[in-house]
Structure formats: C-alpha cells, structure tokens
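Going by this note's numbering, the sequence shown opens with residue 138, and the numbers climb by one from there. One structure below.
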Amino acid sequence: LRINGWGQLRHTLLNATGPDVRDLNQFQLKRGRIVFSGSVFNPDFSYFIQLDGRSSSGDDVRLLDYRLAYDVGHDVLGCRRDAFVFKTGKYKMPFTMSRWLSGKDFEFADRSVASTFFDVNRSFAVGLEGVRNIRGRPCHWEMAVFNGLVTGGAETGSAGTLDNNFAYSARIWTHPTGDWGRGSLADFDGHCVLATRIGTGFAASSIDRIGRTEFESLRVVDGGSRLADLLPPPPNTVQNYDVYLFSVDASYKYFGWSGTLEYYIRTIQDFTGGPAIPGLFDHGFWLQTGKFVVPEKVQLLLRWSRVVGNSGTLGGSDQAFDEVAGGVVWYIRGQNAKFTLDASYLNGDAPINSSALDINPNDNGTLIRSQIQFAF
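Structure representation (structure tokens):
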C-alpha cells in the first residue's frame, strides 16, 4: 500500500466584459487529493483509489477514481510486464492527451478551454491497455468500453438517468525520437537531443433522449448552450443522435524548450425523430509552449486555445471562441511544490461550464490565476 496526496490552492480573479457575466475574486481549493495504490496477491494485481475534495463542492469528498488492473499478459501468458493489461472501475477514458495528464503535471494552472470542450472525462468502464516496443521505441495503447461521454460518477441502475448505449474510445501514443525524460510536458532534463511524443485518439457514442445525463451535457460552440436546449421542443423533437470525436497530438522537448499541439474534431450526426437536422461539425486545438529561463526552476509559458464550429447554429454559420494565455511557473521542488501565475484573455462567449477552470458559459474578459501546489 502506498499513500500519496496533493493539493492546489488557487486565487482566481475574473474581470468580465459581458453584461451578464459575474466577476470573481476568491481563494479556492481546486484539487485536494488522497491516493491509495498498490498491489494484492502478486504484483500483477494492482489497484488505484483516488479521493477528491474541492471548495466548489463545499465539504463533500468524492470517489474520483477506483481502478483495478490485472496484468494478464505477464501473469498468464508469460509476456513482459505491462504488455497486455485488463482494467476496470471508474477512471479517465482513453481519448485525449490533455485528459491523460495528471492535474499536478500541468504547466498552466489548468487545462485549456478547447481540451475541456472536447473532453470525454471519466466513466465506469472496462478496458485493455499495453506497451509494445516497435523498432526499439515503446508504443502505448489503451481502449475502453464505458457508460457514456462525460458521465463521470453519474448514478447508475434503474434509478439513474443513463441510456442503454455504451460509448467506446481508444488512444495510442509513442516517443519516436527516444527517451522523453522527466515531466509530462516541461523539459526538466534540458534535452540536448530532440525528444518527441505523438498520439491519436478516438471516441464515439449513440445518445438517447431518455438518458438525460448525456443528452443534456453536450455543449455547443459560442455561448456554451446545451445542445438539448437548441433542439425543437417535444413532442416533435430529436430522440437520438450519434457523436464521433477524433484527436491528434504532438509534443517536443529541446534545450529547456517544450511545446504541445493537440487538435480535435467532433461530429454530431444521424439525428432521429423531429425535423431534419444536418450533421454538425466542430473542431479546435490548443497550442502551448514553455521555456526554462532558470533551468529546472523558472519557466515562461504561452498558450492559444481555439474552438470553431456550427453546432451553436444547428448547422448554419460557424462561430468561434479564442483563449490566449501567458504565465510563469516557479518550481520550488519540481512538481511536488510549485507556484503558478497565469493570465488568460477570453475572446468570445465561453463554450464550456467548468468549475475547475473557473470558466462558465458566456464568460469573456480577463482571467488571472495564481496557484500554490504541494504534493507528496
């Protein structure tokens, strides 16, 4: 049994420019995590349990992750460790690199608007994962079958509001030019040889009106309205539609520099019931770069996040939202103790509803965050 913990205390200042947007000036506990992990019976049976508390949920503590893994390849088939692993529980769905990142490894205080808009987050699932060496380079893969997009810890069973359609996702990534080194994004090692990482992901689900958890969660570009609120009212209304998402990402590290580009596509199609609605197409990206001006200690950051699409007009004209940000990080003791200060300009009406980012639908203006992180 191993016990770990980490927390993020953040001050958030939002100076909004829209008439219906609330300013914000608060201290908040954004993430307060306790993690229990280890193995049972033998090293091939492992578990990961993560509890989360945050001030946006008052005093409530939730079961954020509960993951059991069995290295079938090693224990039964005699393969090398981690070559073929079965896992089940509630955990992050394999789709984007942004969601794959742990919150304590962010360079900015939090994820971008684009990565949150196209996210499929956590769910109860069963899946497979593994690592295979191809020409001397590790290639990681993961796939899962789960309850639905952004369903998280939604209530299940006959009392819940999930439909009967499973969702599916997969992700694959590798490091084509060699060892990635320490840190998920930042170049702590000061690579003198270019280090790279590339990956791609896919997710899909069929969503029924009877499953309100999913049906009422998808948001559209510009303003962050829910797609369900734009559809015609009953009785002549949409009963079902399909969602397909794709992602591709590339990252590098070189002489203290680091950078990541992740691009997303989302299509919503095959609407059944109600009037004819054309297929909807949204896409976006986040582009981020950082540079250590003091090796391993002080890093400067820039990021551009953009979401474009016609979902907000139900197939009419495209609408767009941009987030431009800059920041600085002081790594007091690597990722275990650090201070982050960043500022974002929200250009347009925000298309997300995220307490983690402190960005709500229609938000625009200037967002300034300062954050202290401690981990053990």
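All C-beta atoms, glycine included, are put in the ideal place defined by N, C-alpha and C.
Residues near residue i by beta carbon distance below 6 Å, same chain, minus five either side
i	result
S388	R334, T397
F153	For clarity, residue 153 is Ala in the given sequence; the question names Phe instead. Here the set comprises D160, G502.
Q145	K167, R168, Q508, Q510
F538	What the structure shows of the chain is the stretch from 138 to 513, and residue 538 is not part of that stretch, so it cannot be assessed.
T188	The amino acid occupying residue 188 in the given sequence is Leu; Thr does not appear at that position. Correct list, in chain order: I171, V198.
N377	D345, T409
F254	V444, P488, I489
E266	V222, E279
V385	T337, Y400
W394	K428
A220	G210, G267
F164	H148
A457	V445
C216	G210
G190	G169, V198
C-beta contact flag for residue i and residue j at 8 Å
i	j	result
R259	K224	no
D479	G463	yes
V466	T477	yes
D459	R443	yes
N327	F392	It is Gly, not Asn, that sits at residue 327 in the sequence shown. For G327 and F392, yes; Cβs fall inside 8 Å.
F429	D324	yes
F232	L331	no
P275	T311	yes
V375	I414	yes
Q436	D242	no
F513	N141	yes
A493	D212	no
Nearest to residue i (by Cα), restricted to the options the options
i	options	result
L417	R506, N302, G294, T404	T404
V263	R204, P313, R217, W237	R204
V222	F232, C216, S235, D208	D208
D202	C216, G226, D196	G226
E279	A206, V431, S492, V375	A206
S192	H420, T149, Y400	T149
N179	F164, V158, R218	R218
T426	D247, F261, R236, L322	L322
L367	S448, V380, S395, F422	S448
F422	S235, I505, D196, E292	S235
N301	D407, Q406, G348, P412	G348
F245	G215, V213, H211, R147	R147
P313	G320, H277, I402, A296	H277
V431	P371, G315, V158, I469	I469
L483	D419, S295, S249	S249
G320	S492, G190, S239, L214	S239
G110	E433, R139, L424, H420	The chain is shown only over 138 to 513; residue 110 falls outside these bounds and no answer can be derived.
V257	S354, V177, C216	S354
S491	V177, W143, S194	S194
R363	L451, G215, S295, D455	L451
Own chain, CB closer than 8 Å to residue i, minus 5 neighbours either side, in chain order
i	result
G318	D324, F325, D326, H328, A332, K390
D379	A341, S342, S343, I344, I405, Q406, D407
P412	P369, N373
D316	A332
T293	F261, N284, L299
P371	none
F303	V282, F283, N284, G285, S342
Short CB-CB distance (under 8 Å) between residue i and chain B
i	result
I335	In the structure shown, chain B does not exist; there is a single protein chain.
7 Å Cβ shell around residue i - same chain, five flanking residues per side excluded
i	result
G360	G449, D486, P488, P498, N499
T288	S260, L299, T350, E351
I505	L150, A480
A251	Y401, G421, F422, W423, S442, R443, V444
E433	F325, Y468
L138	F173, G175
G297	A291
K475	V466, W467, Y468, I469, Q510
Check: Hey, is the segment 159 to 178 in contact with the segment 264 to 272, meaning 3+ C-beta pairs nearer than 8 Å?
Finding: Touching, no, given that fewer than three Cβ pairs across the two stretches are closer than 8 Å.
Checklist line | Segment contact flag, the segment 333 to 348 with the segment 306 to 321, C-beta cutoff 8 Å, min 3 pairs | finding: Because the criterion of three Cβ pairs below 8 Å is met, the segment 333 to 348 and the segment 306 to 321 touch.
Check: So does the segment 180 to 187 actually touch the segment 284 to 292, counting three or more Cβ pairs closer than 8 Å?
Finding: The segment 180 to 187, when compared against the segment 284 to 292, does not touch it at the 8 Å Cβ threshold.
Check: Considering only residues of the segment 269 to 301, which uninterrupted beta strand (DSSP E) runs meet the minimum length of 3 residues and lie entirely inside it, listed in chain order?
Finding: Taking only runs of at least 3 residues, the beta strand (DSSP E) segments lying wholly in the segment 269 to 301 are 274 to 283.
Item checked: Completely contained alpha helix (DSSP H) runs for the segment 182 to 252, where each covers 4 or more residues -> The qualifying runs are 209 to 212, 234 to 237.
Item checked: Completely contained beta strand (DSSP E) runs for the segment 422 to 510, where each covers 3 or more residues -> Segments of the beta strand (DSSP E) lying fully in the segment 422 to 510: 435 to 446, 456 to 470, 474 to 484.
Check: Taking the runs of the beta strand (DSSP E) that are 3 residues or longer, which of them lie wholly in the segment 391 to 420?
Finding: Note on the segment 391 to 420: whole beta strand (DSSP E) runs with a minimum of 3 residues are 394 to 409, in chain order.
Note to self: I'd like the ranges of any alpha helix (DSSP H) spanning at least 4 consecutive residues and lying wholly in the segment 294 to 364.
What the structure shows: Counting only runs of 4 or more, we get 349 to 352.
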